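Count the sequence shown with this note's numbering and you get residues 2 to 240, in order.
Every residue gets a Cβ at the ideal spot worked out from N, C-alpha and C, and that includes glycine.
Bear in mind the structure is a predicted one, so any value in this text is a computation, not a measurement.
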Amino acid sequence: MSGSQPGTRPGTLTGIGVGPGDPELLTLKAVRLLNAVDVLAYPANQDGDSLARAIAAPHLLAGLPEISLPMAFKPGQSPEHPAYDKGAKAIAEHLEAGRDVAFLCEGDPLFYGSFIYVLERLGNRFPMRVVPGVASPMACAALAQRPLVAGDEPLAILPATADDATLDTALSAVRAAVVMKLGRHLPRVAAALKRAGLAEGATVVVRGGLEGERILPLPQALVEGVPYFSLLLARKDPL
Ligand SMILES: C[S@@+](CC[C@H](N)C(=O)[O-])C[C@H]1O[C@@H](n2cnc3c(N)ncnc32)[C@H](O)[C@@H]1O
2 MSGSQPGTRP
12 GTLTGIGVGP
22 GDPELLTLKA
32 VRLLNAVDVL
42 AYPANQDGDS
52 LARAIAAPHL
62 LAGLPEISLP
72 MAFKPGQSPE
82 HPAYDKGAKA
92 IAEHLEAGRD
102 VAFLCEGDPL
112 FYGSFIYVLE
122 RLGNRFPMRV
132 VPGVASPMAC
142 AALAQRPLVA
152 GDEPLAILPA
162 TADDATLDTA
172 LSAVRAAVVM
182 KLGRHLPRVA
192 AALKRAGLAE
202 GATVVVRGGL
212 EGERILPLPQ
222 ALVEGVPYFS
232 LLLARKDPL
């Protein structure tokens, strides 16, 4: 294994999904491993606030060294951004010294998660494992008490940042869809859903499981506007 100091066994990096907001949605495995690592790392915004850490807070041991990485704070931030290199370097220093590091990730680490960019940078240098988390489409469908898909229905999961042609192609091929990262893109997404016959009965979940949670019918969401941290659930023949 490259990357470790001579004579030192490298630490293991564990990407831990902490679920979409409700601290009771961490898995037993996530909680067990959080209590067994030497260092906590997590993405944070420019002010140092970390949603992933806040979700996991009730389960964290006091006094653990923490590294807050200003990484996943800008919607659409390119994976080549130097912040990811800087974050990966800080994590690598702990791993090289033999310390196990948990990287907390909101939702699931490999589903639009910032852990992906850490994995890309460090995955071939250090022992690595991933603990899946409850992803937001599942959690938001549960909150809205709406089926995502049933039987042989295909499901499209799309970022609202996709261009119109991509939205149209994907939405026209399915009977059910989840659109993530809404924010200012909602009106454009609503128009695409309408073209695909999926707008009727669509629901937007804002900050599911978090302070400020709201579950809105699409027309109301369009009037009020929604933040980036919201997703839309749509299906033909909504139940
Ligand atoms: C960068 S992605 C992270 C996805 C996350 N890794 C997951 O497994 O759900 C951020 C997007 O996930 C969605 N999202 C994540 N958590 C959410 C929540 N609690 N309520 C509503 N949408 C959420 C929103 O669409 C948001 O723009």
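Between the alpha carbons of G49 and D238, how many angstroms are there, rounded? As a first step, residue 49 is located in the sequence shown; it is residue number 48 there, counting from the start. As a first step, residue 238 is located in the sequence shown; it is residue number 237 there, counting from the start. Those two C-alpha atoms are separated by around 43 Å.
Nearer than 6 Å: is that true of the beta carbon of G108 relative to any heavy atom of ligand 1? In the sequence shown, counting from the first residue as 1, residue 108 sits at position 107. Yes, ligand 1 has a heavy atom inside 6 Å of this Cβ.
Please classify G213 as buried or exposed, where buried requires at least 16 other C-beta atoms within 10 Å of its C-beta. Along the sequence shown, one-based indexing puts residue 213 at 212. Looking at its Cβ environment, which holds fewer than 16 other Cβ atoms inside 10 Å, G213 is exposed.
Using 7 Å as the threshold, is the C-beta distance between V227 and L156 below it? The residue given as residue 227 occupies position 226 in the sequence shown. The residue given as residue 156 occupies position 155 in the sequence shown. Between V227 and L156, the gap from beta carbon to beta carbon reaches 7 Å or more.
Are V38 and L27 closer than 7 Å when you measure CB to CB? For the purposes of this step, residue 38 is taken as residue 37 along the sequence shown, with counting starting at 1. For the purposes of this step, residue 27 is taken as residue 26 along the sequence shown, with counting starting at 1. No, the pair does not count as a contact, with Cβ atoms beyond the cut-off.
For the stretch 129–141 against the stretch 95–110, are there 3 or more C-beta pairs whose distance is under 8 Å? The answer is yes - the stretch 95–110 touches the stretch 129–141, with three or more Cβ pairs under 8 Å.
Count the CB pairs spanning the stretch 185–205 and the stretch 163–174 that are closer than 8 Å, and state whether there are at least three. With the cut-off at 8 Å, the stretch 185–205 and the stretch 163–174 touch.
Close Cβ partners of A193 (< 8 Å) along its chain, the five nearest in sequence each way excluded: Numbered from 1 along the sequence shown, position 192 holds the residue referred to as residue 193. The beta carbon of A193 sits closer than 8 Å to those of D165, L168, D169 and L172, all from its chain and outside the five residues before and after it, given in chain order.
As a quick exercise: from A93, K87, A53 and L70, pick the residue whose alpha carbon is nearest that of Q47. If you number the sequence shown from 1, residue 47 lands on position 46. Minimum Cα distance to Q47 is reached at L70.
With 16 as the cutoff for other CB atoms within 10 Å, does A174 come out buried or exposed? Indexing the sequence shown from 1 puts residue 174 at position 173. The residue is exposed, with fewer than 16 neighbouring Cβ atoms inside 10 Å.
Does ligand 1 have a heavy atom nearer than 6 Å to the CB of G202? For this step, residue 202 is matched to residue 201 along the sequence shown. Annotation for G202 indicates a beta carbon at 6 Å or more from all heavy atoms of ligand 1.
Taking 7 Å as the threshold (C-beta atoms), are P24 and V40 in contact? Within the sequence shown, numbered from 1, the residue matching residue 40 stands at position 39. Within the sequence shown, numbered from 1, the residue matching residue 24 stands at position 23. The answer is no: Cβ separation not under 7 Å.
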